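Please read the structure below before turning to the comments.
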Amino acid sequence: MFSIERWSEVFEAISKNKLRTFLTGFSVSIGILILVLLLGVGEGMKNGIELQFAQDAQNRVQIWSGVTTVEYKGLNPGRRVQFKNKDYDLVTKNYGDDLEYKSSTYQRWVNVFSYKENTSSYRIEGVLPDYQFLENAGIIQGRFINQQDQDRYTKNVVIGKKVRNELFKTENPLGKLIKSNGVNYKVVGVFQDPGGDREESRVFFPLSTMQKIYGAGNDISNISFTLPKAATYEEAVKKSTALVGEIETLLKARHSVAPEDTSGVNYFNSIAEAKKFYDLMANMNLFFWFVGIASLLAGIIGVSNIMLIIVKERTKEIGIRKALGAQPSSIIWMILHESIFVTAISGFTGLILGLLLLEAVGSAIQTEFISNPEVNLNVAISTVIVLVVSGAIAGFFPARRGAKIKPIVALREE
Amino acid sequence: MIEIKDLHKSYKVGKNSLHVLKGINFSVKEGELVSIMGSSGSGKSTLLNILGMLDEAEKGTYHLDGVEIKNLSEKIAANYRNKFLGFIFQSFNLINYKNALDNVALPLYYQNVKRKERTEIAMSYLEKVGLAQWAKHLPTELSGGQKQRVAIARALAGQPKVILADELTGALDSTTSYEIMELIQEINDEGKTILVVTHEDDIAHMTKRIVNLRDGIIIDDRKVDQVKAKAHV
Ligand SMILES: Nc1ncnc2c1ncn2[C@@H]1O[C@H](COP(=O)(O)OP(=O)(O)O)[C@@H](O)[C@H]1O
Ligand SMILES: [Mg+2]
Chain A
7 MFSIERWSEV
17 FEAISKNKLR
27 TFLTGFSVSI
37 GILILVLLLG
47 VGEGMKNGIE
57 LQFAQDAQNR
67 VQIWSGVTTV
77 EYKGLNPGRR
87 VQFKNKDYDL
97 VTKNYGDDLE
107 YKSSTYQRWV
117 NVFSYKENTS
127 SYRIEGVLPD
137 YQFLENAGII
147 QGRFINQQDQ
157 DRYTKNVVIG
167 KKVRNELFKT
177 ENPLGKLIKS
187 NGVNYKVVGV
197 FQDPGGDREE
207 SRVFFPLSTM
217 QKIYGAGNDI
227 SNISFTLPKA
237 ATYEEAVKKS
247 TALVGEIETL
257 LKARHSVAPE
267 DTSGVNYFNS
277 IAEAKKFYDL
287 MANMNLFFWF
297 VGIASLLAGI
307 IGVSNIMLII
317 VKERTKEIGI
327 RKALGAQPSS
337 IIWMILHESI
347 FVTAISGFTG
357 LILGLLLLEA
367 VGSAIQTEFI
377 SNPEVNLNVA
387 ISTVIVLVVS
397 GAIAGFFPAR
407 RGAKIKPIVA
417 LREE
Chain B
0 MIEIKDLHKS
10 YKVGKNSLHV
20 LKGINFSVKE
30 GELVSIMGSS
40 GSGKSTLLNI
50 LGMLDEAEKG
60 TYHLDGVEIK
70 NLSEKIAANY
80 RNKFLGFIFQ
90 SFNLINYKNA
100 LDNVALPLYY
110 QNVKRKERTE
120 IAMSYLEKVG
130 LAQWAKHLPT
140 ELSGGQKQRV
150 AIARALAGQP
160 KVILADELTG
170 ALDSTTSYEI
180 MELIQEINDE
190 GKTILVVTHE
200 DDIAHMTKRI
210 VNLRDGIIID
220 DRKVDQVKAK
230 AHV
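If you read the sequences in order, they're chains A and B. Here the numbering used here runs 6 ahead of the position in the first sequence, where the first position is 1. For the second sequence, position 232 matches number 231 in the numbering used here, and the numbering has no gaps at all.
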């Protein structure tokens, strides 16, 4: 079928009919190019959203107090609720078995730290040992805050990678003292965080130390915990929603906050939030596939339209060839062979152009919600193949019609 | 070589049927050079197209070199055209994106002759019609007479049994026409059977036999003294 003779015949037709070849190829290339860009941006959005959730453990719950908005038990609205160590103890006592990692924290605004001549300001947080896992923080040097630090009020701190790079440059920070408000703290560990620079410019203190130094007594800013993995995603969402509900009720009761008050006691349940995003993402994926298939269809229709025009344009030639003894099947193959060849070449051209373009502008369109726009190569190549095959099938019918035209009718064509 | 009996053909024009050929009987022997004469619309092309298997008669028999031509499938018709027939048209019908050489080689492509051999054969026929040095030129770069020479070379290339020419000088001035007829006579002198359709008397007299067509029947069929075209060039 694919004899050298036919190839040379096809190459001749292609090279001598550049405009026709260009028009066929162009529409195919553009179609594939758009598809690749679309899939790339879709993938980038997915990556971006996943990254947002990778910052913290996915089944994490955080509870913090706020200002009441509803009058309750004779108490006026506008009252500030303050969580204490006792609240944390109660929650862990009642629900400890249901929790995986847990920590209360105490947070302050930024503090200035210095090491030798390097000075910069960072957020500080007093935390418990488990907090490492709640933050998805990876220890790259030394260790995290441990129970001893907490029990003995040590001045050991764990710094983020960015803090280390800024204060210590290339120096090893472990065991070194950094100074803040005239107090020296010993660096015992360095962490990195998938959240990047913003998350890595923090300094972790033992909770107890921080409460003492800042005269916070037993105050805590929030209670964080994760839930153990459940068998299914749906189950995980259900379990954590139920648990958070109970804890919320408990804390509201302790602090006399109205059950319907949405401000006195606040929480963020990341797995429930994630579910919303994943649902959104699934819809978006569906949309991208829909658009992708639509543009593929448009490409196929485009190819068959061009084939129709090509056959019309070549009617006279077909008549001449038939008069000289061309078989109908040879006419069909002549047209199909050319179109398959051109579609395939321009399809892959569009694919490569699309990939290059993604590569080139990929970093420019990088935002909080788009990260690493890239295309699954298998999907892209399958798309080109589908286009070529469907183009051939769609093109077969005009080709066959062309082959069926009687030679005298075809020869009359001008 | 050609044997037709009681050939009928009509065209559908709207609701009416136009009876163009109303019972044609004639035969052509090998090596003859015959012209089919008649005024415009008398059915000459229709007859030639049927002989060329480009069209079908609805009644009558047609034998070509002893083979009955009847109810041919597209495939077999294509095969017979390729092996038995060479066409020359008034409007040349060259493929405009192929050069002279490739146009001449085309019938051989459909005979599955390999490229190298194809090119050699095609070149020899281009030499025969005096256009060897124009081999690489596109039809658009050739004069009318040159184009018709290429078409003649192409008709010969497949080594057909019969050459069918429809108004082959219709688009040419008289000097060029006579040059082309000289070539036709030359080919015929070498033994090729040729049928020429024309409405021009002088062209007809350059053949060896004139068949006169009027209103769908042959009114006259006689041998003539061939006028050598060379004398007029
Ligand atoms: N495809 C066709 N459909 C309808 N009428 C046709 C067709 N081809 C030819 N005719 C008619 O048949 C008659 C003979 O045509 P043709 O054989 O071309 O004549 P000639 O070649 O002698 O001039 C003319 O009247 C022409 O109009
Ligand atoms: Mg005619």
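All C-beta atoms in this analysis are idealised placements derived from N, C-alpha and C, irrespective of residue type, glycine included. Note that the coordinates shown come from a computational prediction; the quantities given were computed from them, not determined experimentally.
Per-residue DSSP class, three states only, for residue i
i	result
Pro6 of chain A	The structure shown does not extend to residue 6 of chain A, since chain A spans only 7 to 420, so no value can be given for it.
Ile47 of chain A	Strictly speaking, residue 47 of chain A in this sequence is Val, with Ile absent from that position. Reduced to three states, the DSSP call for Val47 of chain A is helix.
Ala164 of chain B	strand
Pro413 of chain A	helix
Lys113 of chain B	coil
Asn124 of chain A	strand
Val97 of chain A	helix
Lys245 of chain A	helix
Gln158 of chain B	coil
Val394 of chain A	helix
Tyr10 of chain B	strand
Ser110 of chain A	strand
Leu213 of chain A	helix
Val33 of chain B	strand
Tyr242 of chain B	The requested residue 242 of chain B does not occur in the structure, where chain B is confined to residues 0 to 232.
Ser16 of chain B	strand
Asp214 of chain B	coil
Gln88 of chain A	coil
Asp5 of chain B	strand
Tyr124 of chain B	helix
Gly54 of chain A	helix
Gly223 of chain A	coil
beta-carbon residue i near ligand 2 non-hydrogen atom, thresh 7 Å
i	result
Lys8 of chain B	no
Asp165 of chain B	yes
heavy atom of ligand 1 below 7 Å from residue i C-beta
i	result
Thr45 of chain B	yes
Leu17 of chain B	yes
Val12 of chain B	yes
Gly298 of chain A	no
Gly42 of chain B	yes
Ser39 of chain B	yes
Inter-residue Cα distance where the pair is residue i and residue j
i	j	result
Ala330 of chain A	Asp172 of chain B	What sits at residue 330 of chain A in the sequence shown is Leu, not Ala. Approximately 27 Å between the Cα atoms of the pair.
Phe293 of chain A	Ile40 of chain A	15 Å
Asn382 of chain A	Phe283 of chain A	22 Å
Met7 of chain A	Leu45 of chain A	Residue placement at Met7 of chain A is poorly supported in this model, since its pLDDT is 46, which falls under 50; the coordinates still yield a value, given next. The straight-line gap from Cα to Cα measures roughly 36 Å.
Gly397 of chain A	Ser388 of chain A	14 Å
Asn102 of chain B	Leu362 of chain A	43 Å
Glu266 of chain A	Lys235 of chain A	30 Å
Lys322 of chain A	Asn289 of chain A	51 Å
Tyr128 of chain A	Val169 of chain A	8 Å
Phe231 of chain A	Lys52 of chain A	26 Å
Leu130 of chain B	Glu166 of chain B	22 Å
Arg213 of chain B	Gly65 of chain B	28 Å
Glu271 of chain A	Ala280 of chain A	The displayed chain sequence assigns Val, not Glu, to residue 271 of chain A. The straight-line gap from Cα to Cα measures roughly 21 Å.
Phe28 of chain A	Thr118 of chain B	29 Å
Leu249 of chain A	Leu233 of chain A	9 Å
Val189 of chain A	Ser126 of chain A	15 Å
Leu302 of chain A	Ala386 of chain A	11 Å
Ile338 of chain A	Leu359 of chain A	31 Å
Val247 of chain B	Leu93 of chain B	Residue 247 of chain B lies beyond the residue range present for chain B, which begins at 0 and ends at 232; the question has no answer from this structure.
Residue i beta carbon near ligand 4 (any heavy atom closer than 7 Å)
i	result
Ala164 of chain B	Ligands present in the displayed structure are limited to ligand 1 and ligand 2, and ligand 4 is not among them.
Cβ of residue i within 8 Å of any chain E Cβ
i	result
Ser310 of chain A	Note that chain E does not occur in the displayed structure, where the protein chains are A and B.
Open item on the list: When you compare the segment 19-35 of chain B with the segment 335-354 of chain A, are there three or more beta-carbon pairs, one atom per stretch, that lie closer than 8 Å?
Closed with: no
Open item on the list: Any contact between the segment 153-167 of chain B and the segment 102-113 of chain B? By contact I mean 3 or more CB pairs, one from each, below 8 Å.
Closed with: yes
Open item on the list: Counting only Cβ-Cβ distances shorter than 7 Å, please list the residues of the segment 65-76 of chain B near chain A, keeping chain order.
Closed with: Listed in sequence order: Glu73 and Lys74.
Open item on the list: For the structure I just gave you, are there three or more beta carbon pairs, one from the segment 56-71 of chain B and one from the segment 2-20 of chain B, closer than 8 Å?
Closed with: By the Cβ rule, the segment 56-71 of chain B counts as touching the segment 2-20 of chain B, because three or more pairs are nearer than 8 Å.
TODO: Scan the segment 39-66 of chain B for residues whose Cβ lies nearer than 7 Å to a Cβ of chain A and list them as they occur along the chain.
DONE: Asn48, Leu53 and Asp54
- [ ] Decide yes or no for the touch test of the segment 136-149 of chain B against the segment 173-186 of chain B: beta carbon pairs closer than 8 Å, at least 3 of them.
- [x] yes
Task: the segment 405-416 of chain A in contact with the segment 179-199 of chain B per 3-pair CB rule at 8 Å - done: no
Task: Residues from the segment 322-349 of chain A in contact with chain B, defined by Cβ distance under 9 Å - done: Lys322, Glu323, Gly325, Ile326, Arg327, Lys328, Ala329, Leu330, Gly331, Ala332, Gln333, Pro334, Ser335 and Ser336
TODO: Indicate whether the contact test is met: 3 or more Cβ pairs, each with one atom in the segment 45-58 of chain B and one in the segment 222-230 of chain B, closer than 8 Å.
DONE: no
Task: the segment 96-109 of chain B: positions lying closer than 8 Å to chain A by Cβ - done: Tyr96, Lys97, Asp101, Leu105, Pro106, Tyr108 and Tyr109
Open item on the list: I'd like to know if the segment 198-205 of chain B and the segment 111-126 of chain B are in contact, where contact means that at least 3 CB-CB pairs between them fall below 8 Å.
Closed with: no
Task: Touch test, the segment 188-196 of chain A against the segment 139-152 of chain A, Cβ-Cβ under 8 Å, three pairs minimum - done: yes
Open item on the list: Within 8 Å, do at least three Cβ pairs link the segment 73-83 of chain A to the segment 237-245 of chain A?
Closed with: no
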